[in-house]
Amino acid sequence: MLSRFRFLGNFYSTQSRFFFSRFAFTQSDLPPPEWIEPFINLSDLSATNPEDLTPSPWVAPNFVAFVLASAEIQNKPDVASRFFAWAAKQKKYTHKLECYVSLINVLALANDLVKMRFLFGQLKEMQFVMTMSSANSLINIFGELGMVEELLWVWRRMKDNEVEPSLYTFNFLLNGLVSSMFIESAERVFEVMENSKIRSDVVSYNTMIKGYCKAGQTLKAMKLLRAMEMVNLEPDKITYLTLMQACYSEGNFDSCLVLYHEMAEKGCEVPPHEHSLVVGGLCKEGKCLEGYVAFENMIRNGVKANVAIYTTLIDAFAKCGKMEEALELFERMKTDGLEPDEVSYGVIVNGLCKSGRLDEAMDYLKFCSANEVAVNAMFYSSLIDGLGKAGRFDEARKLFEEMVEKDCPRDSYCYNALAKCGRINEALALFKRMEDEGCDQTVYTYTILISGLFRERKNEEAMKLWDMMIDKAFEDMITVLCKAGRVKEACKLADGIVVRGREIPGRIRTVLINALRKAGNADLAMKLMHSKIGIGYDRMGKIKRRVKFRSLLES
DNA sequence: TTAGGGTTAG
1 MLSRFRFLGN
11 FYSTQSRFFF
21 SRFAFTQSDL
31 PPPEWIEPFI
41 NLSDLSATNP
51 EDLTPSPWVA
61 PNFVAFVLAS
71 AEIQNKPDVA
81 SRFFAWAAKQ
91 KKYTHKLECY
101 VSLINVLALA
111 NDLVKMRFLF
121 GQLKEMQFVM
131 TMSSANSLIN
141 IFGELGMVEE
151 LLWVWRRMKD
161 NEVEPSLYTF
171 NFLLNGLVSS
181 MFIESAERVF
191 EVMENSKIRS
201 DVVSYNTMIK
211 GYCKAGQTLK
221 AMKLLRAMEM
231 VNLEPDKITY
241 LTLMQACYSE
251 GNFDSCLVLY
261 HEMAEKGCEV
271 PPHEHSLVVG
281 GLCKEGKCLE
291 GYVAFENMIR
301 NGVKANVAIY
311 TTLIDAFAKC
321 GKMEEALELF
331 ERMKTDGLEP
341 DEVSYGVIVN
351 GLCKSGRLDE
361 AMDYLKFCSA
371 NEVAVNAMFY
381 SSLIDGLGKA
391 GRFDEARKLF
401 EEMVEKDCPR
411 DSYCYNALAK
421 CGRINEALAL
431 FKRMEDEGCD
441 QTVYTYTILI
451 SGLFRERKNE
461 EAMKLWDMMI
471 DKAFEDMITV
481 LCKAGRVKEA
491 CKLADGIVVR
501 GREIPGRIRT
511 VLINALRKAG
521 NADLAMKLMH
531 SKIGIGYDRM
541 GKIKRRVKFR
551 SLLES
């Protein structure tokens, strides 16, 4: 947005200089602001009603473009639409390409996709000659919204009009494709760049790296980092942050640490977030002392700690059973001028509950409620769990019911904590309540119930729940694998369900189709959508054909 | 033009 503002500023100042020298303007010139302002309030466009404007000679295309660009900067889609419509009605006036681009942009910001599509349909019919700046802007906006068809139209149009794409055009295109998870297409564009006059730069590499990370192909992303060194391109802090973030989410903290040292060695600026990833990684592995060393190291390097880093460390100490150290860090954080938030308090409350210090934990709950710290479900689940384990069932139940009064939605953790400490009938009633309240039952919920039922020798009921759980687990597993981009494994699992004589529900097919599409396998997604893969039963329940999901990926 | 925080259970 800033860059467009800058563009507009340059555009305007050069034009107005031109103006003063000529003292008059023609249809295509732009009037200076002091000429426009009696008619239209540029600093607050909503104060102007376009219908009140005197038309000629003010309806110069550049004037309209300028007002629309102002509306875009002020994010006023209604004003822009009205002004656009008003201008279109004036005699001898037709919109310029830039007017369409401005209005499309402001509509995109307002998320009005329907109007955007309609307008783009008009633009396509206008036979405009595509310009570089309009193409860049459109490719950027369509890319962000995942409107790949529209994006490719602009790209082709540019080619037809023999407008040479710039490095920015390529990078916008790459980013658009990557945001819409068209990774294979992005790969092809990247290859084209490698072989063209325009060489890919750090941004192009970073964008491809982001794409691979999003698709769960961290190894490919790593290879690209090494490829940068081969072409003498210096990776920057964004390259490292993207990769470290991906390694961190995969739980690969060693690689995270390697990248961290690498960037420090290269003298690359290390942003606070990279430090958090390292401290967080060490803490997640239970190495709270090493995490603490990294934390001190960060402060020595002049990077100020923030609430998130403190919270990570406090939690790590609490989990190692070092509650006193955790509380000391909590105090240090406050003397450091940082205000603990609900997550920090949640970590403290959870730690206290785990170490059996329930009354202190209850005091924190009271303190937070009285001091406008948002009390969330985690506070309650920790306390309900702790109270239950200490045999204080009534207090646990009371807290569970109190959540409704306090407008705090109950999650599965709260239900499970209470179900675990009560009798089996109570737990079954809670299972039903979860369903009614739309709270997801987890594997842990089923485990509590099944073991409870077996203990009471209600074996048949237990087995029924077991079957329910297995079906749900398969479905969850497929969803999780798809989200991680591991479509091949998801397909194998789906085949496993069919072999066991069960059918794949439509909603899981959709998950698979979307995963294939996101992984850049649009063709395979189409194939699955229109095929009978996995659906292998006739009306008598006999297997008619059993085409495996896996066959999709083997072809 | 690209990136961007932490917490909960057997």
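Position 387 of the first sequence, counted from 1, bears residue number 387 in the UniProt record's numbering, the numbering being contiguous throughout. A virtual CB, placed ideally from N, CA and C, is assigned to each residue, including glycine. Please read these numbers as outputs of a predicted model, since none were measured by experiment.
* Asked: Can you name, in chain order, every residue of its own chain whose Cβ lies under 6 angstroms from the Cβ of residue 199, other than the five neighbours on each side?
  -> none
* Asked: Taking Cβ positions, are residue 568 and residue 519 nearer each other than 8 angstroms?
  -> Because the chain here runs from 1 to 555, residue 568 falls outside it and cannot be looked at.
* Cα-Cα separation between residue 296 and residue 424, rounded to whole angstroms -> 49 angstroms
* Asked: Nearest-angstrom Cα distance between residue 212 and residue 183?
  -> For residue 212 and residue 183, the distance between alpha carbons rounds to 7 angstroms.
* In whole angstroms, what is the alpha-carbon distance linking residue 103 and residue 41? -> 18 angstroms
* **Start-to-end residues for the alpha helix (DSSP H) that takes in residue 77** => 77-89
* Ignoring anything shorter than 3 residues or poking outside the region 436-481, list the beta strand (DSSP E) runs there in chain order. => none
* Where does the unbroken alpha helix (DSSP H) through residue 513 begin, and where does it stop? -> Its alpha helix (DSSP H) spans residues 506-518.
* Span of the alpha helix (DSSP H) holding residue 197? -> Residue 197 -> no alpha helix (DSSP H), and no H or E assigned at all.
* What residue from 79, 499, 502 has the CA that sits closest to residue 48's CA? -> 79
* May I have the straight-line CA-CA distance separating residue 439 from residue 430, to the nearest angstrom? => 11 angstroms
* Between residue 550 and residue 347, what straight-line distance do the alpha-carbon atoms span, to the nearest angstrom? -> Rounded to the nearest whole angstrom, the CA to CA distance from residue 550 to residue 347 is 44 angstroms.
* Is the region 161-174 touching the region 496-512 in the sense that three or more CB pairs, one from each, lie closer than 8 angstroms? -> no
* To do: Pick helix, strand or coil for residue 93, following the three-state DSSP scheme.
  => coil
* To do: Evaluate residue 452 with the Cβ neighbour count: other Cβ atoms within 10 Å of its Cβ, from every protein chain shown; 16 or more gives buried, anything less gives exposed.
  => buried
* So, using beta-carbon positions, are residue 207 and residue 178 closer together than 8 angstroms? -> Contact: yes.
* Using 10 angstroms around the beta-carbon of residue 142, count the other beta-carbons present and answer buried if the total reaches 16, otherwise exposed. => buried
* Inter-residue Cα distance where the pair is residue 460 and residue 226 -> 58 angstroms
* **residue 487 - containing alpha helix (DSSP H), residue span** => 487-499 is the span of the alpha helix (DSSP H), which, as asked, contains residue 487.
* Which residues in the same chain as residue 446 place their Cβ atom closer than 7 angstroms to its Cβ, once the five residues preceding and following it in sequence are excluded? -> 465, 469
* Asked: Roughly how many angstroms lie between the CA atoms of residue 458 and residue 328, to the nearest whole one?
  -> 49 angstroms
* Asked: Pick from 413, 84, 529: whose alpha carbon is nearest that of residue 513?
  -> Selection 413, 84, 529 evaluated against residue 513 yields 529 as nearest (Cα-Cα).
* Secondary structure of residue 255, DSSP reduced to three states -> helix
* In chain order, what residues of the same chain lie with their CB nearer than 8 angstroms to the CB of residue 321, ignoring the 5 residues before and after it? -> For residue 321, where only same-chain residues beyond five positions count, the Cβ hits under 8 angstroms are 355.
* Coil, strand or helix - residue 409 by DSSP -> Coil.
* **Boundaries (first-last residue) of the alpha helix (DSSP H) holding residue 157** => 148-160
* Same chain, Cβ closer than 8 angstroms to residue 442, five either side skipped, listed in chain order -> 412, 416
* Could you please give the first and the last residue of the uninterrupted alpha helix (DSSP H) stretch that includes residue 64? => 61-73
* To do: Grab me the residues of residue 181's own chain with a C-beta within less than 6 angstroms of its C-beta, minus the 5 sequence neighbours each way, in chain order.
  => 518
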